[in-house]
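Just below is one structure, and these are the notes that go with it.
Residue numbers (the numbering used here): 5 to 290.
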């Protein structure tokens, strides 16, 4: 990437080829994300003025970004943010990188609550705040509580809440799932850890080395958090309230069985993500 002059399109093309050679899963997208951040520009400029030269400072920053991505550091951590739903969220090692499949929960809850009337949302394992903040940003009368065992994750969620002007409507608490809660909610959501403990060390470096293990490890079979979550629902969910929990690949049957074992949970169904993979369980408390 030493061509002179180095233009946006030349930089993007060269970076894409390097990331392909490094066997990065999404080389085109990642090269674009890194370029736009380094050049401090946007997609419209990249498309409309692709031959714009990079400044020496931007070219140097971009080279550093590409090298870091070649070493399997997530693009979201390199540029310090990740888009989720309609929000740009701060992203770093304190929390999971927001993933598009988690947007299924947001879409589902918003469709079932199309009218903006006051609701209380509980996010168990709130992490960086992705689900809870996306919902509150869409429904101006809603308020919520986010609980997490990680002080670092809660710090990140607080920064994201402040970034989007949601601090006054969100209450972030350090805790172990629902322990200590004395309130019932209209909506309960969660993207809990669901990777079996023995599998974590075989995951992609981007996940294994950069996502917090606390946010990945679901116990021996990956289902420990769901046993806690489903048992808690009759205590924390209002009658006629709804819940939506994300789960991992091939866990749909086991998660559904756990839900069906809890008295009062009705209208249970599994929702697929955009890749046509079973991803979220949804239901109501009678």
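Using N, Cα and C, we set each Cβ at its ideal position, and we do this for glycine too.
Task: Reference residue 88, options 101, 79, 77, 97, closest by Cα - done: 101
Open item on the list: DSSP has residue 248 in a bridge; who is on the other side?
Closed with: 193, 286
Task: Per-residue DSSP class, three states only, for residue 4 - done: Residue 4 cannot be examined here, being either before or after the span of the chain that is shown, 5 to 290.
Open item on the list: So for residue 130, helix, strand or coil by DSSP?
Closed with: coil
Task: For residue 151, three-class secondary structure by DSSP - done: strand
Open item on the list: Measuring CB atoms only, is the stretch 65 to 75 touching the stretch 115 to 124, in the sense that at least three cross pairs come out at less than 8 Å?
Closed with: no
- [ ] Give a yes or no on contact between the stretch 165 to 176 and the stretch 128 to 145, applying the rule of three or more CB pairs nearer than 8 Å.
- [x] yes
- [ ] Please list, in chain order, all residues of the same chain as residue 260 whose beta carbon is under 7 Å from its beta carbon, the five residues on each side excluded.
- [x] 272, 274, 285
Open item on the list: Can you find the residues in the same chain that come closer than 7 Å, C-beta to C-beta, to residue 7, ignoring five residues on each side of it along the sequence?
Closed with: For residue 7, the predicted model reports a pLDDT of 49, less than 50, meaning its position is unreliable and no value from the coordinates is stated.
Open item on the list: Just list the residues that DSSP pairs residue 57 with in beta bridges.
Closed with: 11
Open item on the list: residue 50 and residue 70 - do their beta-carbons sit closer together than 8 Å?
Closed with: no
TODO: Would you kindly work out how many angstroms separate the C-alpha atoms of residue 209 and residue 73, rounded to a whole number?
DONE: 11 Å
TODO: Identify, in the order they occur along the chain, each residue of the same chain with its Cβ nearer than 8 Å to the Cβ of residue 279, setting aside the five sequence neighbours on each side.
DONE: 105
- [ ] Let me know the secondary structure DSSP gives residue 262 once reduced to three states.
- [x] helix
TODO: Please report the residue range of the alpha helix (DSSP H) in which residue 83 lies.
DONE: 79 to 83
Task: Close beta carbons around residue 159, own chain, < 7 Å, minus the five adjacent residues each side - done: 98
Open item on the list: Is it the case that the stretch 198 to 205 contacts the stretch 223 to 239, given that we only count it when at least three CB pairs across the two stretches are under 8 Å?
Closed with: yes
- [ ] Find the nearest neighbour of residue 263 within the set 234, 174, 58, judged by alpha-carbon distance.
- [x] 234
Open item on the list: Contact defined as beta carbons within less than 8 Å: I believe residue 164 pairs with residue 114. What is the distance between those atoms, to the nearest angstrom?
Closed with: At roughly 19 Å, the Cβ-Cβ gap does not stay under 8 Å, so residue 164 and residue 114 are not in contact.
Open item on the list: Using C-beta distances below 7 Å, list every residue in its chain close to residue 77, excluding the 5 sequence neighbours before and after it, in chain order.
Closed with: 214
- [ ] Report yes if the CB atom of residue 250 is closer than 8 Å to the CB atom of residue 217, and no otherwise.
- [x] no
TODO: Answer yes or no: do residue 246 and residue 116 have a C-beta to C-beta separation smaller than 8 Å?
DONE: yes
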